[in-house]
Each structure stands twice: as structure tokens, then as C-alpha cells.
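Chains A and B are the protein sequences, given in the same order. The letter at position 105 of the first sequence is residue 104 when you use numbering that gives the first Met the number 0, and the numbering goes up by one with no holes. The letter at position 59 of the second sequence is residue 58 when you use numbering that gives the first Met the number 0, and the numbering goes up by one with no holes. Just so you know, even glycine gets a beta-carbon here, dropped at the ideal spot from N, CA and C. The structure appears right after this line, and notes come after that.
Number of protein chains: 2
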Amino acid sequence: MVAQMATPHYVRIKQALRARIEGGELRPGDRVPSENQLVEEFGVSRMTARRALLELAESGLLLRTQGLGSFVADVRPMSSTTQIRNIAEEINQRGHHHSGQVLRHDEISADHERAIHLGVPSGSIIFHSLIVHRENDLPVQLESRLVNPALAPRYLQQDFSTTTPSAYLSAVAPLTEAEQSVEAVLADQSTAKDLDIKTGAACLRITRRTFSAQGVVSLAVLLHPGDRYRLGSHINT
Amino acid sequence: MVAQMATPHYVRIKQALRARIEGGELRPGDRVPSENQLVEEFGVSRMTARRALLELAESGLLLRTQGLGSFVADVRPMSSTTQIRNIAEEINQRGHHHSGQVLRHDEISADHERAIHLGVPSGSIIFHSLIVHRENDLPVQLESRLVNPALAPRYLQQDFSTTTPSAYLSAVAPLTEAEQSVEAVLADQSTAKDLDIKTGAACLRITRRTFSAQGVVSLAVLLHPGDRYRLGSHINT
DNA sequence: CAGTGGTCTAGACCACTGG
DNA sequence: CAGTGGTCTAGACCACTGG
Chain A
0 MVAQMATPHY
10 VRIKQALRAR
20 IEGGELRPGD
30 RVPSENQLVE
40 EFGVSRMTAR
50 RALLELAESG
60 LLLRTQGLGS
70 FVADVRPMSS
80 TTQIRNIAEE
90 INQRGHHHSG
100 QVLRHDEISA
110 DHERAIHLGV
120 PSGSIIFHSL
130 IVHRENDLPV
140 QLESRLVNPA
150 LAPRYLQQDF
160 STTTPSAYLS
170 AVAPLTEAEQ
180 SVEAVLADQS
190 TAKDLDIKTG
200 AACLRITRRT
210 FSAQGVVSLA
220 VLLHPGDRYR
230 LGSHINT
Chain B
0 MVAQMATPHY
10 VRIKQALRAR
20 IEGGELRPGD
30 RVPSENQLVE
40 EFGVSRMTAR
50 RALLELAESG
60 LLLRTQGLGS
70 FVADVRPMSS
80 TTQIRNIAEE
90 INQRGHHHSG
100 QVLRHDEISA
110 DHERAIHLGV
120 PSGSIIFHSL
130 IVHRENDLPV
140 QLESRLVNPA
150 LAPRYLQQDF
160 STTTPSAYLS
170 AVAPLTEAEQ
180 SVEAVLADQS
190 TAKDLDIKTG
200 AACLRITRRT
210 FSAQGVVSLA
220 VLLHPGDRYR
230 LGSHINT
């Protein structure tokens, strides 16, 4: 009589609290219901109520203090690296011309690691695309993207020479969250060929996982020639 | 008979697993003990063993899959792009040992470009430091920093083998703002020597300008070996 | 003091993976 | 099938905060 697979209790509680915060019912600094109050309100055990509060705190939405309670955090504005931008828009914004060349656009079987990152069963079919983005005919990004077919079933029918995966995906599965990591790597032979640079040239590699409300949407690996791209950001403390 | 305030059980289990991973007993891709095995081994309840595994997964050290088990992730140190963090703190937080080796620590005359970036008259005296930061004796950052003497007049008197420029500067001229850009470059001969990597290896270069209420405090160029460092960030939309 | 969050137990049923 | 992680309960003792 536990664990309805539909939506776990702790998720329901998180959603409810999130709604109150986003709806303005709970404002920054306000105290949210205590663990015991949530136990009463949602008819769950304290461990379950607690999990909802802990996860909201983990994601920065709440601040918790022993003896005091849990409070809505003061949200701070995001800086510009912390914004997911569409490469085509970015290029157009500079007054340049964007073009996308689709090298691959098919489905593959997810190996163990990819399956974990995408949150799909190991061995299941996922979509894949490989696209070179050019700014005034100069390659600036090689985009390799794995897509969760459950959240973008028509991904393979899109024409990515006229739009971008990023634009399409944010239309069909609105972005709620993203994780990314940035590294420096050397171009291997195949990457070098695709980006029209030398093998062994420095590249910036951005690995990004995007989430919608339903889960992981896609896993993108973006490779940029080191001398044609950099990431800027402005931080306010 | 629970909750010895010394160290909670789940922390002890995390430490034990971390030690096995860092000691090489468990390598990337290996399966770590299951929840039930930890129950046996540490004499705790499954909820407690589970918490240890969940937190290690949360911090990126493990990957978990239902039905399969928990596996050691392919890890590298991560740092956040959305936050200016002190390299020493970051390293200590990972439970590792930080050391700083001061290669240069002197004053120079500002050329035109540097003067502009620092907001000082061209040709005036500015401070400079060059420091190798090591994580457990492995170089992870070469920090070259130019400092505005008006805002940190005693910069040259500091001992940067025991503290870091970042820590000292944020004490004397609290950070209000920062601008940074991130690029991929190849290590030149001198950088390669300082970081103990090969000439031509991929490096992440972060160029950061920090501001206090009084103006530009410093201009730092941080070079990281590509295979020993990456920048991570989490974005909420 | 009553209320808060922090840690923990010993059970339970479930979905999922491999063999 | 046995084993894995995912969710959940109904209790417990604790340290900490404010009044």
C-alpha cells in the first residue's frame, strides 16, 4: 500500500511547495511548513516529508536551520554563462551568418553509461545527431547530442539545417534545469576534420545535460576550437 | 543508543568508500558494495547505508542503476563557474591537501594593456604574483595575478605558501563583482614546466577580473591542465 | 519549555537487471 | 530467480533555537 509508481509522495510535496513559492504564496524569507506539518498535511511519514524539504534545499530553493525551520531562499539573478544560449541566436546576434551541417541524425542503442546519464533503460533506443555549426562559413561548434526519445519523439523528423536541436528541444520539452561541465581537450583526427582545424589543436568541450519537468531531455557534447570561441561570464556577489 | 555526535554513521561509510576509491582499491567502473552489503559490513540500517551511497552519487563520485548496482564514476575535480572559489578551499573541501609554491612575487611596471584592465595609469607600479597550486602534490593551477596596489598595498608582504591571493584579497578588498572568460589553449614550454605537463597539452585558461566597491582589484590568469580540472555548473531556469 | 531539524532503526513492497 | 536500487512507514533519541 506504498509506492504508487505514478508520482512518489516526496515529488508531490516538492511540487506543491514549489508551486506555493512560484505562485507568490510563499515569499523569500518566509518559513515553509515544518517536517511535522507536512506529515499532517500530506499524510506521509516524517522521512518522506523530510526528503522533499532536503531536496528543495539541495537545489537552493530553501535554507534549513536546526531549531528554527526551513525558509524560502533569496533567489539571485543568473549570470550569463549560466544561461543556455542557442548557438544560432548567438551568431545572429553578432550580425553574422549561421549555418548548420548535419553529419549524422539517427538512432542508436544506449550503452550503460549513456543510459544512466539520459535516465533511460540500458540498451534502449535513443536519438543521436552530429552537427557542425558555422559562423560565416567558419566552423565554431561540433555538436554531438543524445536525445531521450520519450520526451522528443519526433526528433528524427526535424531538419537541423534550418533550425537547431536546442531550439527544437526547448519548444517541445521546455528547459527547467541544466548541468554542464567545461574542459580543455585536444582535437582528435575526426574532430579536427569536422571543425577544419589541426589535429592536436586546443578545444573547449562543454558537456551539458538538459532537463525538463519530465526528466533528462538530452546530453550534448559541444566542441569549440580554442581560438574561435570562449565562454564569458559576469558574476555578482 | 543511536546518533553518536562524533561522526554520523553515514559519514563514516562515505569516508571509507572515498578512501577505497582514492586509494585505488576501487577504480572507475568498479562496482562498490551494495546497500545490503554495507548494512552487513558497517552494522547499520539500510536507510543509513543508502544515504552514504546517495550522497556520494550526488557529489558525482558514484553512478547508480536500479537492478545493477553503484559504480565508481570517472571523476575529475570539479569547480563551479557561477561562483568565485578559492582554489585552496576547493581542494580542502575534497578532503585533499593544498600547497602553494610561489614562483614570483614582485612589482612590475604596467604596460598599456594591463594598465587599462587594472584601471591604473599606464607605466605605474603594480604587483605581480605567480603561484603553482598543487592538490596532493599534483599541480592543478598556475595562477598569474596582477594586483592594483591602491586597493591592496600590503600584497607583497603576504606569505602565499600559507594563504592564497584570493583569500587575502577578499579579506582586504571584499569582492563585489567579477568578469571572467574561459578558453582552451595549448601549454607553452614554460607553462608546461611549471605545471609538470607536456608542452602542447590542453589547458583551460580562465581570465578573471575582480572588483571591489573601490574598483578593479586584480586581474588573474588561471591555467589548469585539461585532464586535471574542469568547471561545472548547475543552471536553474 | 515546545518545536525544529539531524540521525537512525527494522521492517515493508516495488521495479528493474542479469542469468 | 536472487540481487539491486527506489520508495515508504512508524517509531526513536538527539542537539539546537526561541520564548
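Query, Result
"Does any residue of chain B bring its CB to less than 9 Å from the CB of Arg93/A?", "no"
"Identify each residue in the region 167–187 of chain B for which the Cβ-Cβ distance to at least one residue of chain A is less than 7 Å, and report them in chain order.", "Leu174, Thr175, Glu176, Ala177, Glu178, Gln179, Ser180, Val181, Glu182, Ala183, Val184, Leu185"
"By the criterion of Cβ-Cβ separation under 8 Å, what are the contact partners of Leu16/B in chain A?", "Here the premise fails: no neighbours, minimum Cβ distance about 18 Å."
"When you compare the CB of Leu218/A with every CB in chain B, is at least one pair closer than 9 Å?", "no"
"Output the residue ranges of the beta strand (DSSP E) runs that lie fully inside the region 125–186 of chain A and measure 3 residues or longer, sorted by chain position.", "137–146, 176–185"
"Let's test the definition: count the other Cβ atoms within 10 Å of the Cβ of Ile124/B and tell me whether it reaches 16, buried, or not, exposed.", "exposed"
"With H, G and I counted as helix, E and B as strand and the rest as coil, what does DSSP make of Glu24/B?", "coil"
"Measure from the alpha carbon of Arg133/A to the alpha carbon of each residue in Ser98/A, Lys13/A, His127/A, then state which is nearest.", "Ser98/A"
"My assumption, with CB atoms under 8 Å, is that Ala201/B sits in contact with Ala166/A. Please give the rounded CB distance.", "Their Cβ separation, rounded to whole angstroms, is 30 Å, which puts Ala201/B and Ala166/A out of contact at 8 Å."
"Please list, in chain order, all residues of the same chain as Ser69/A whose beta carbon is under 6 Å from its beta carbon, the five residues on each side excluded.", "Val31, Leu52, Leu61, Arg63"
"Identify the contact partners of Arg229/B in chain A, using a Cβ-Cβ distance below 8 Å as the criterion.", "Ser180, Val181, Glu182"
"Helix, strand or coil, according to DSSP, for Asp110/A in the structure here?", "coil"
"Closer than 7 Å between beta carbons: that is the criterion. Which residues of the region 200–211 of chain A meet it against chain B?", "Ala201, Cys202, Leu203"
"Hey, could you find the ends of the alpha helix (DSSP H) Ile90/B is sitting in?", "86–92"
"Pull up the CB-CB distance for Leu230/A and Val181/B, whole angstroms please, since I reckon it's below 8 Å.", "4 Å"
"In its own chain, which residues sit with a C-beta less than 6 Å from the C-beta of Thr206/A, not counting the 5 before and 5 after it?", "Ser180, Val220"
"On the criterion of 16 or more Cβ atoms from any shown chain inside 10 Å, does Arg103/A qualify as buried, or is it exposed?", "exposed"
"Using a Cβ cut-off of 9 Å (strictly closer), state whether Arg19/A contacts chain B.", "no"
"If you drop the 5 nearest sequence neighbours on each side, which residues of the same chain put their C-beta closer than 6 Å to that of Arg49/B?", "Glu34"
"Contact between the region 137–151 of chain A and the region 210–228 of chain A: three or more CB pairs below 8 Å?", "yes"
"Using DSSP with H/G/I as helix, E/B as strand and the rest coil, what is Ser78/A?", "A caution first: Ser78/A carries a pLDDT of 35, below 50, which makes its placement in the model unreliable, though a value can still be read off. Residue state, collapsed to three classes: coil."
"Measure the CB-CB distance between Leu129/A and Ala186/A and report whether it falls below 9 Å.", "no"
"Taking Cβ to Cβ, would you say Pro164/A is nearer than 9 Å to Gln157/A?", "yes"
"Along chain A, in chain order, which residues have C-beta atoms closer than 7 Å to that of Leu62/B?", "Ile115"
"Using DSSP with H/G/I as helix, E/B as strand and the rest coil, what is Thr190/B?", "helix"
"Which of the three DSSP states, helix, strand or coil, is assigned to Thr47/A?", "helix"
"Taking only the alpha-carbon atoms, compute the straight-line gap between Arg17/B and Thr6/B and give it to the nearest angstrom.", "15 Å"
"Residue range of the beta strand (DSSP E) that Leu61/A falls in?", "61–64"
"Among residues of its own chain, excluding the 5 on either side of Glu176/A, which ones have a beta-carbon nearer than 6 Å to its beta-carbon?", "Phe210"
"What's the gap between the Cα of Arg19/B and the Cα of Val71/B?", "10 Å"
"Taking Leu194/B and Tyr228/B to be in contact with their CB atoms under 8 Å, please state how far apart those CB atoms are, rounded to whole angstroms.", "Contact flag wrong, Cβ pair sits at about 10 Å."
"Label Ala242/A either buried or exposed according to how many other C-beta atoms from any shown protein chain fall within 10 Å of its C-beta, with 16 as the threshold for buried.", "Residue 242/A lies beyond the range of chain A shown here (0 to 236); nothing can be said about it."
"In the DSSP assignment, what residue or residues form a beta bridge with Arg208/A?", "Glu178/A, Leu218/A"
"I need the boundaries of the beta strand (DSSP E) containing Val71/B, first residue and last residue.", "68–71"
"Does the distance from the C-beta atom of Val146/A to that of His127/A stay below 9 Å?", "yes"
"Of all Cβ atoms in chain B, is any one closer than 9 Å to the Cβ of Glu57/A?", "yes"
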